[in-house]
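Sequence lines, in order, name chains C and D. Sequential numbering from 143 applies to the first sequence in the working numbering. Sequential numbering from 143 applies to the second sequence in the working numbering. The next block holds one structure in the form of structure tokens; read it before the comments.
There are 2 protein chains.
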Amino acid sequence: MSNKQYCVIMAGGIGARFWPRSRQSMPKQFLDILGTGKSFIRHTYERFAKLIPAENFLVVTNRKYKKLVLKHIPELNENQVLCEPIGRNTAPCIAYAAYLLQKQNPEAEMVVTPADHLILGEEEFRTIISECMEFAAKSGSLVTVGIKPTRPDTGYGYIQVSDDQLLSKVKCFTEKPNLELAQTFIQCGEFFWNSGIFVWSVKAIIEAFAKYLPEHHALFSDLQPALGTEAEEMAVEKVFAECRAISIDYGVMEKADNVYVRCGEFGWSDVGTWGSVYQHSRKDRYANAVPAEGCYLYDTRSSIVQLPKDKIAVISGLKEYIVVDTEDVLMICPRSEEQSIKKFIDEVKFHNGEKHI
Amino acid sequence: MSNKQYCVIMAGGIGARFWPRSRQSMPKQFLDILGTGKSFIRHTYERFAKLIPAENFLVVTNRKYKKLVLKHIPELNENQVLCEPIGRNTAPCIAYAAYLLQKQNPEAEMVVTPADHLILGEEEFRTIISECMEFAAKSGSLVTVGIKPTRPDTGYGYIQVSDDQLLSKVKCFTEKPNLELAQTFIQCGEFFWNSGIFVWSVKAIIEAFAKYLPEHHALFSDLQPALGTEAEEMAVEKVFAECRAISIDYGVMEKADNVYVRCGEFGWSDVGTWGSVYQHSRKDRYANAVPAEGCYLYDTRSSIVQLPKDKIAVISGLKEYIVVDTEDVLMICPRSEEQSIKKFIDEVKFHNGEKHI
Numbered sequence: 143m144s145n146k147q148y149c150v151i152m153a154g155g156i157g158a159r160f161w162p163r164s165r166q167s168m169p170k171q172f173l174d175i176l177g178t179g180k181s182f183i184r185h186t187y188e189r190f191a192k193l194i195p196a197e198n199f200l201v202v203t204n205r206k207y208k209k210l211v212l213k214h215i216p217e218l219n220e221n222q223v224l225c226e227p228i229g230r231n232t233a234p235c236i237a238y239a240a241y242l243l244q245k246q247n248p249e250a251e252m253v254v255t256p257a258d259h260l261i262l263g264e265e266e267f268r269t270i271i272s273e274c275m276e277f278a279a280k281s282g283s284l285v286t287v288g289i290k291p292t293r294p295d296t297g298y299g300y301i302q303v304s305d306d307q308l309l310s311k312v313k314c315f316t317e318k319p320n321l322e323l324a325q326t327f328i329q330c331g332e333f334f335w336n337s338g339i340f341v342w343s344v345k346a347i348i349e350a351f352a353k354y355l356p357e358h359h360a361l362f363s364d365l366q367p368a369l370g371t372e373a374e375e376m377a378v379e380k381v382f383a384e385c386r387a388i389s390i391d392y393g394v395m396e397k398a399d400n401v402y403v404r405c406g407e408f409g410w411s412d413v414g415t416w417g418s419v420y421q422h423s424r425k426d427r428y429a430n431a432v433p434a435e436g437c438y439l440y441d442t443r444s445s446i447v448q449l450p451k452d453k454i455a456v457i458s459g460l461k462e463y464i465v466v467d468t469e470d471v472l473m474i475c476p477r478s479e480e481q482s483i484k485k486f487i488d489e490v491k492f493h494n495g496e497k498h499i
Numbered sequence: 143m144s145n146k147q148y149c150v151i152m153a154g155g156i157g158a159r160f161w162p163r164s165r166q167s168m169p170k171q172f173l174d175i176l177g178t179g180k181s182f183i184r185h186t187y188e189r190f191a192k193l194i195p196a197e198n199f200l201v202v203t204n205r206k207y208k209k210l211v212l213k214h215i216p217e218l219n220e221n222q223v224l225c226e227p228i229g230r231n232t233a234p235c236i237a238y239a240a241y242l243l244q245k246q247n248p249e250a251e252m253v254v255t256p257a258d259h260l261i262l263g264e265e266e267f268r269t270i271i272s273e274c275m276e277f278a279a280k281s282g283s284l285v286t287v288g289i290k291p292t293r294p295d296t297g298y299g300y301i302q303v304s305d306d307q308l309l310s311k312v313k314c315f316t317e318k319p320n321l322e323l324a325q326t327f328i329q330c331g332e333f334f335w336n337s338g339i340f341v342w343s344v345k346a347i348i349e350a351f352a353k354y355l356p357e358h359h360a361l362f363s364d365l366q367p368a369l370g371t372e373a374e375e376m377a378v379e380k381v382f383a384e385c386r387a388i389s390i391d392y393g394v395m396e397k398a399d400n401v402y403v404r405c406g407e408f409g410w411s412d413v414g415t416w417g418s419v420y421q422h423s424r425k426d427r428y429a430n431a432v433p434a435e436g437c438y439l440y441d442t443r444s445s446i447v448q449l450p451k452d453k454i455a456v457i458s459g460l461k462e463y464i465v466v467d468t469e470d471v472l473m474i475c476p477r478s479e480e481q482s483i484k485k486f487i488d489e490v491k492f493h494n495g496e497k498h499i
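Have a look at this one:
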């Protein structure tokens, strides 16, 4: 393990798509929606802890999740959890970590990862990350990890490569194409899913901020002296209030000319929807993804059921449904309606306030 | 109010048909399944308390429900709750009360009522009960209350009358006819539903026991000296272990020749199924019977939803379903499948023991 290598876990999401399992007080990254025995953020930590020493992790999250982060990753010190006062998308989140690291160690190399993805082939994944770190350090480029697509998913960003090397210069980014375009991408073979996992040196990413997001560069450069001091919290509050919300993809990656993608296949999913949870869950012989115990199903097929611990369910006559029961909210909806969850949340919030959100 | 008049509430049922709302530890009679603000047994007590003084009530129940009875009817003394060690159907239950009353007051007149029925026209009902009591006292006959049937229900017992008087001699009892027969009964006009509400003098019912259920008569006559003494509990235990389970309808009413029925219409239901709860509940404009608050329905019709207090539900895409959520059990099933609930209970019991039953 190298002392120059750092892992930045982005853990600020509120995970509304898994409501009512995920809540504002308990977003997806802290849940074990797939029933693996560990939360997403714990898996993410352990995945990288074999490459990077514990003291070189940073987690960027909303300040209200600081305690949760430390509970799920007790290996971290409090000062390794960077608290955003407000979510401003990935560019400010990454900037916060990068400008802090620059101050601590100008030679730092960083891998940036979402906290809530599923990766099945961890060994293969780590091999790829190590390659990326080596390449990024040597070349000073910005490296992103691309996933060989398995279906014309319209919810992902796509990266077009310029050659057929595993580590290839990026030709183009396309955010959430329509189905026709996604199908063309798949057939063409030059397109990969954007995993949102990035590798670069602190030097390279800060140069990119300076060039492509000069406002952010100015704000975070001004912030830098306060970082790690008692003035940090108030200074961060001010910067996040002022800075524009923008994704690192849109703000930097799509514009920079030194972006490379390392393509791989390692059983990746962002587990962004109940459909994806269904896909990655073990199913019974009627294709139901249900808890191992306590679920009594009759004439029920292709459904997903999630229950609180020790609760049992008797379910008859549901085909392709999502049933999510929690202590204070029950949701029953067809799998084809999962995109309505945000509408459900809005309506509940309108009538009932934040209590159940 | 007459000091000779007593009300015996039969409250031993375990109400499996309303599982998971009703439980072995909390049967239907102690629940407010219709959301009226009071339990069935409380309504039953209040219904008769306008005719009969509190000290003249007896409640016969399983011993495990004694505390619940006293909680729901705090007007009663402990010795007014007669505890069955085991359910033996209605004849032993009634015998227990009748032989006790005979000892306390040989002139006693009694009305016997289930604890868990719905009666909407309470004034009309009380008028009828008063008439029955007067007639039973005067004539020494056994009087049952018949309900003008509104549909060819195959779950009820039917009573055929011998003339078109309101208070008529009974010609015949028919337990749970098939649909064809039930339809014929309705068309014929001579048939009424057996409400399970009876009025008679203690003298008359004990004479009937002696004549038609001599074994029971012998057992309960032997028991009588122990009633109201410290020996009661053990003696009752022995009698219930020995005596045959049999309904008062089958054991006495169908055989006796002095049985009369007082027919009436007073908005009666035994609320014996979720279908009946649905029928008696207020519905929204899509014919859903749901809690007044906390239920967010989309594309959902003709369904019944019951939730724990303060819980909310978001339900999409259900037509004619029963959704019953409790703290530790969730049940979702088509309304047409409500007769499967006993099967559900058996299966849960087999796999999980009594914990959720």
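Where is the CB? At the ideal position from N, CA and C, for every residue including glycine.
DSSP, reduced to helix, strand and coil, places residue 369(C) outside both helices and strands of the structure shown, so it counts as coil.
Residue pairing of residue 433(D) in beta bridges, as defined by DSSP: absent, with no partner found. With a threshold of 8 Å between beta carbons, residue 452(C) makes contact with chain D. Chain order gives the chain D residues near residue 455(C) as 471, 472, 473, 474, where near means a beta carbon separation below 8 Å. Apart from the 5 residues on each side of it in sequence, residue 414(D) sits with its Cβ closer than 8 Å to the Cβ of 159, 297 in its chain, given in chain order.
At a cut-off of 8 Å, the C-beta of residue 496(D) has no neighbouring C-beta in chain C. Between residue 436(D) and residue 449(D), the C-beta spacing is below 8 Å. Put simply, the CB of residue 167(D) is far from chain C, with every gap to its CB atoms at 8 Å or more. In its chain, beyond the 5 residues on either side, 171, 172, 173, 174, 214 have a beta carbon closer than 8 Å to the beta carbon of residue 181(D). Per DSSP, reduced to three states, the secondary structure at residue 404(C) is strand. Three or more beta-carbon pairs separated by less than 8 Å link the stretch 312–322 of chain C to the stretch 385–398 of chain C, which places the two stretches in contact. Put simply, the CB of residue 465(C) is near chain D, with a gap under 8 Å to one of its CB atoms. Interface flag for residue 254(C) against chain D is unset, since no Cβ pair is found closer than 8 Å.
Per DSSP, reduced to three states, the secondary structure at residue 417(D) is helical. Shown here, residue 247(D) sits in coil according to DSSP, grouped into three states, outside any helix or strand. In terms of beta-carbon proximity, residue 482(C) lines the interface with chain D, with at least one pair separated by less than 8 Å. The alpha-carbon of residue 149(D) is positioned some 25 Å away from that of residue 164(D).
Counting only runs that start and end inside the stretch 267–354 of chain C, the beta strand (DSSP E) elements of at least 3 residues fall at 284–289, 299–303, 309–317, 333–343. Taking the beta carbon of residue 490(D) as reference, the chain C residues within 8 Å of it are 438, 454, 456, listed in sequence order.
Contact between residue 456(C) and residue 486(D) holds: their C-beta atoms lie close to 5 Å from each other, under 8 Å. The criterion of a C-beta distance shorter than 8 Å is satisfied by residue 401(C) and residue 284(C). Secondary structure note for residue 447(D): its beta strand (DSSP E) is the uninterrupted segment 446–448. Per DSSP, residue 204(C) is one residue of the beta strand (DSSP E) stretching across 199–204. Cβ-Cβ distances below 8 Å link residue 346(C) to 278, 282, 283, 284, 400 in the same chain, with the five nearest sequence neighbours on each side left out; the list follows chain order.
Taking 4 residues as the shortest admissible run, the stretch 145–213 of chain C contains the following complete alpha helix (DSSP H) segments, listed from N- to C-terminal end: 182–191. Not a single C-beta of chain C is nearer than 8 Å to the C-beta of residue 157(D).
Put simply, the backbone Cα of residue 350(D) is about 59 Å away from that of residue 427(C). Residue 428(D) carries a coil assignment under DSSP once its states are collapsed to helix, strand and coil. Residue-level contact by beta carbon holds for residue 459(D) and chain C, with a gap shorter than 8 Å. Remark: C-beta atoms of residue 147(D) and residue 194(D) approach each other more closely than 8 Å.
If you draw a straight line from the Cα of residue 247(C) to the Cα of residue 410(C), it comes to about 31 Å. Within chain C, the residues whose beta carbon sits less than 9 Å from that of residue 479(D) are 440, 441, 458, 459, listed in sequence order.
Here residue 225(C) carries a strand assignment [DSSP, helix/strand/coil].
DSSP lists no bridge partner for residue 386(C). For residue 361(D), the three-state secondary structure derived from DSSP is helix.
Around the C-beta of residue 367(D), fewer than 16 other C-beta atoms lie within 10 Å, and the residue is accordingly described as exposed.
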